[in-house]
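Here the sequence shown stands for residues 1 to 158, where the numbers follow this note's numbering. Note that the Cβ used here is the ideal one computed from N, Cα and C, for glycine as well. Below is one structure, written out as structure tokens; the observations come after it.
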Amino acid sequence: MAASTYLPSNVYAAAVLHDVIEDTELTYADLIKSVGRPIATTVLGLSRPQRLLGEGNLTWEKRYLKQMLAVQTLEPSILLIKLADRIHNLETQTALAPDRRTRLLETTRNLYLPFFESARNVQPPSLQFAYENLLGQLRRLCTVPEKQCVTEAMLVTA
């Protein structure tokens, strides 16, 4: 997320912590104690649900997007944070194996981009400018060929 965009500090805190429940031993209860319920709830909303037995990737991703949309009503910044995270994932994909890069780009093009496009209308006016900015960045990253996307990502991270 662009630091020059003014957003409440809790949005930046949740953005920094967005993977902590997924990637560490910290729990939602731990986060409430350390950063408070509003930030912890946003982080929980950004955390992927556990995969159900036999659940395919696409079904699981769709369930995750529905979860975020539900949390959006409580914390309007959640989609903005996820949008920025997806851009970051595309910009830093050079360390991934080629098949994972392809899957990331395809999932972004076919699932995330349409989802974020359709969610444009649920953004509050205070977040609309930042959301549109990030959505434009995601569109650009999704419209370049994969090899060029990787090259551009290398330039961004260099």
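Please classify residue i: is it buried, with 16 or more other beta-carbons within 10 angstroms of its beta-carbon, or exposed?
i	result
residue 1	Low per-residue confidence applies at residue 1: pLDDT is 49, beneath 50, and the placement is therefore not dependable enough to give any value.
residue 74	exposed
residue 42	buried
residue 9	exposed
residue 112	buried
residue 77	buried
residue 97	exposed
residue 131	buried
residue 138	buried
residue 127	buried
Could you spell out where the alpha helix (DSSP H) holding residue i opens and where it closes?
i	result
residue 72	57-72
residue 75	Careful: residue 75 lies outside any alpha helix (DSSP H) and carries neither H nor E.
residue 100	98-107
Taking C-alpha atoms, which residue in the options lies nearest to residue i?
i	options	result
residue 207	67, 142 and 49	Residue coverage of the chain in this structure runs from 1 to 158, which leaves residue 207 outside it and unanswerable.
residue 107	72, 132, 60 and 76	60
residue 117	133, 102 and 104	133
residue 65	49, 56 and 53	49
residue 72	19, 38 and 28	38
residue 62	6, 98, 115 and 128	115
residue 140	128, 127 and 105	105
Taking 9 Å as the cut-off, decide whether the C-beta atoms of residue i and residue j are in contact.
i	j	result
residue 17	residue 83	no
residue 87	residue 14	no
residue 31	residue 46	no
residue 79	residue 123	yes
residue 29	residue 69	no
residue 94	residue 103	no
To test your reading of the DSSP string, which unbroken alpha helix (DSSP H) runs of 4 or more residues are found completely within the segment 113-140? Considered as a whole, the segment 113-140 harbours 113-118 as its complete alpha helix (DSSP H) runs of no fewer than 4 residues, in chain order.
Which runs of the alpha helix (DSSP H) at least 4 residues long sit entirely within the segment 11-64? Give them in chain order. List check, alpha helix (DSSP H) in window: 20-23, 28-35 and 37-46.
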